[in-house]
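*Asks:*
Residue numbers (the numbering used here): 13 to 168.
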């Protein structure tokens with residue numbers, strides 16, 4: 013995977029959560045994901061298809077992060093994951109991917125975005141849409157960790 017694909021996802025995640033949820037996530041060091049084991053309870057995953065590159069992005073959240081983000085974004089208190097929180101994480105997935113897509117477009121990469129899929133449950137597994145390596149970016153949100161995963165491969 014081209015390393016220049018990672019920064020747009022970090023920037024978009026921080027921008028969306030800062031502007032839409034008034035939160036200040038801190039990005040950690042990206043690592044290659046070596047396991048299909050989940051790092052959270054709720055995942056939004058979305059595919060990206062381009063002429064030169066295809067890929068997918070996922071945001072993986074523990075319940076606490078998902079409810080905190082939804083509460084801040086929607087101005088309503090959520091203490092457990094329900095359909096509204098799931099929908100909110102789906103929209104968060106769209107916004108982060110859209111922001112990264114715009115940055116990647118400035119770099120000359122054009123993509124079409126799919127509709128996000130939501131996965132819910134303590135033991136769920138995330139399968140990315142391509143066979144490339146999965147880069148996992150940890151984010152700290154007030155002592156709770158969530159992850160953004162990006163997976164791309166060249167179509168040429």
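Heads up, the beta-carbon is just placed ideally off N, CA and C, and yes, glycines get one too.
It should be emphasised that the depicted structure is a prediction, and the values quoted were computed from it without experimental measurement.
(1) Could you give the first and the last residue of the continuous alpha helix (DSSP H) run that contains residue 127?
(2) In angstroms, rounded to a whole number, what distance separates the CA positions of residue 164 and residue 103?
(3) Among 134, 161, 90, which residue has its Cα nearest to the Cα of residue 146?
(4) Leaving out the 5 sequence neighbours to the left and right, which residues in its chain are closer than 8 angstroms to residue 18 when beta-carbon positions are compared?
(5) Taking contact to mean 3 or more Cβ pairs, one atom from each stretch, closer than 8 angstroms, check whether the segment 26-41 and the segment 126-138 are in contact.
(6) Should residue 68 be labelled buried (16 or more other beta-carbon atoms within 10 Å of its own) or exposed?
(7) Is the beta carbon of residue 92 less than 8 angstroms from the beta carbon of residue 105?
(8) What's the gap between the Cα of residue 46 and the Cα of residue 94?
(9) Just reading off the alpha helix (DSSP H) that residue 79 is part of, what are its end residues?
(10) In whole angstroms, what is the alpha-carbon distance linking residue 97 and residue 66?
(11) Quick one: measure Cβ to Cβ for residue 73 and residue 48, integer angstroms, because I've assumed they're closer than 8 angstroms.
(12) Could you check which residue in 20, 32, 59, 135 has the C-alpha nearest to that of residue 83?
(13) Cα separation between residue 57 and residue 76?
(14) So what's residue 138 in DSSP terms, helix, strand or just coil?
(15) Report the residue from 40, 37, 70 whose alpha carbon sits nearest the alpha carbon of residue 139.
*Replies:* The answer reads as follows:
(1) Note, residue 127: premise wrong, no alpha helix (DSSP H); not H, not E.
(2) 21 angstroms
(3) 161
(4) Contacts found: 42, 147, 149, 162.
(5) no
(6) With 16 or more other Cβ atoms inside 10 Å of its own Cβ, residue 68 counts as buried.
(7) no
(8) 30 angstroms
(9) 75-86
(10) 28 angstroms
(11) With a Cβ gap of about 17 angstroms, residue 73 and residue 48 do not count as contacting.
(12) Residue 83 has its Cα closest to that of 32, out of 20, 32, 59, 135.
(13) 19 angstroms
(14) coil
(15) For residue 139, the nearest C-alpha among the options comes from 70.
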